[in-house]
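Novice: Mind having a look at this structure? Questions to follow.
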Amino acid sequence: MTVLVTGAYGQLGQDILKTLKDNNINCVGFSRYALDVTDYKALERCFEKYRPDVVIHCAAYTNIDKAELDKDLCMRVNVTGAQNIANLCKKHDCKLAFISADYVFDGKSDKPYEIIDPPKPINYYGVTKYEAELFIRKALEKYFIIRTSCLFGYFGDNFVKNIIKKSQSQVPYYVVDDQISSPTYTADLAGFILEMIKSDKYGTYHATNEGQCSRYELAKYIAEYTNSQNYPKPIHSKYYTTLAKHPLYTVLSKSSLDLGGFKRLPEYRDALRRFLKTLD
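Residue numbering for the sequence shown follows the working numbering, starting at -10 and increasing by one per position.
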């Protein structure tokens, strides 16, 4: 099996490459600079050279607030890029694993979202992720759509790393206490994706670490675990100005994993402790 990874030098992509190599899977990964997913001809040359059996499409425009200002670029990367990848997967008979997000939902639910719940994104990033999902479902049979949320890991920048930096400073900081989701450790997600692509259990899945918390609860736990003297202060999102609207509740039900016969990811605090130990 040969696996091609786009966005391979982002925080999830790097953990996916590491996991594939650790398991002796033949793989090749490209950064967004080395392989422009909006360039169909460049992608086609890549497919013809490496002849992948599986493509894990991590490349994405993920700055949720900036997406509101640069909608054209966000659309080209997240939708046109996904369309190009899907069309080439169909042409070359490849499996496609597409990384989507909890932000396809509006956050107004009072219980974890199931895969059958209708998406209703409230920001442009979410719109593009949902449009990409729709195209992939129509274009392919051999696809995995993996919705996840609040990624953190060793590589790249993320919420957890930013909180660690703030907790080690003397500057007071605020964290929203009414945005609730399930944090996801990229190393755990990468292991799950490997098991998924080995299978033929195609479809849409929700994959996050178990449990849920607000951003504030997560930040507070980090401060406690690292023995910080600088604890976060809670603030409601209505007092915290952002360019994009952020859904308040995006906890994803993992019943899809049970139905597919996949093992659920560990509880998020367990994952967080394992991650923090990698920084020692």
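We put the beta carbon where it would ideally sit given N, CA and C, even for glycine.
1) Can you check which of these residues, 22, 27, 5, is closest to residue 14 by C-alpha distance?
2) Give the straight-line distance between the Cα atoms of residue 140 and residue 174, rounded to the nearest whole angstrom.
3) Along the chain, which unbroken stretches of the beta strand (DSSP E) at least 3 residues long are found entirely within the segment 186 to 245?
4) Determine the closest residue to residue 127 out of 153, 85, 103, with distance taken between C-alpha atoms.
5) Mark residue 225 as exposed unless 16 or more other C-beta atoms lie within 10 angstroms of its C-beta, in which case mark it buried.
6) Give me the Cα-Cα distance between residue 159 and residue 152, rounded to the nearest whole angstrom.
7) For residue 173, which beta-bridge partners are listed by DSSP?
8) Helix, strand or coil for residue 148? Go by DSSP, reduced to three states.
9) Taking 8 Å as the cut-off, decide whether the C-beta atoms of residue 32 and residue 74 are in contact.
10) So, residue 245 versus residue 194, is the Cβ gap smaller than 8 Å?
11) Which residue from 116, -4, 181 puts its Cα closest to that of residue 23?
Specialist: Concretely, from the data shown:
1) For the purposes of this step, residue 14 is identified with residue 25 of the sequence shown, where counting begins at 1. Residue 5 is the option with its Cα nearest to residue 14.
2) Your numbering for residue 140 matches position 151 in the sequence shown. Your numbering for residue 174 matches position 185 in the sequence shown. If you take the alpha carbons of residue 140 and residue 174, they lie about 6 Å apart.
3) 192 to 195, 222 to 224
4) Position 138 of the sequence shown holds residue 127. Of the candidates 153, 85, 103, the one whose C-alpha sits nearest the C-alpha of residue 127 is 85.
5) One-based indexing of the sequence shown puts residue 225 at position 236. Residue 225 should be labelled exposed.
6) Position 170 of the sequence shown, counted from the start, is the residue given in the question as residue 159. Position 163 of the sequence shown, counted from the start, is the residue given in the question as residue 152. Straight-line Cα distance between these residues: approximately 13 Å.
7) Here residue 173 refers to the residue found at position 184 of the sequence shown. Bridge partners of residue 173: 140.
8) In the sequence shown, the residue the question calls residue 148 occupies position 159. Residue 148 falls in the helix class under three-state DSSP.
9) Taking the first residue of the sequence shown as position 1, residue 32 is located at position 43. Taking the first residue of the sequence shown as position 1, residue 74 is located at position 85. Cβ atoms of residue 32 and residue 74: closer than 8 Å.
10) As a position in the sequence shown, residue 245 is number 256, starting the count at 1. As a position in the sequence shown, residue 194 is number 205, starting the count at 1. Yes. Within cutoff.
11) By 1-based counting over the sequence shown, the position of residue 23 is 34. It is -4 whose Cα lies nearest to the Cα of residue 23.
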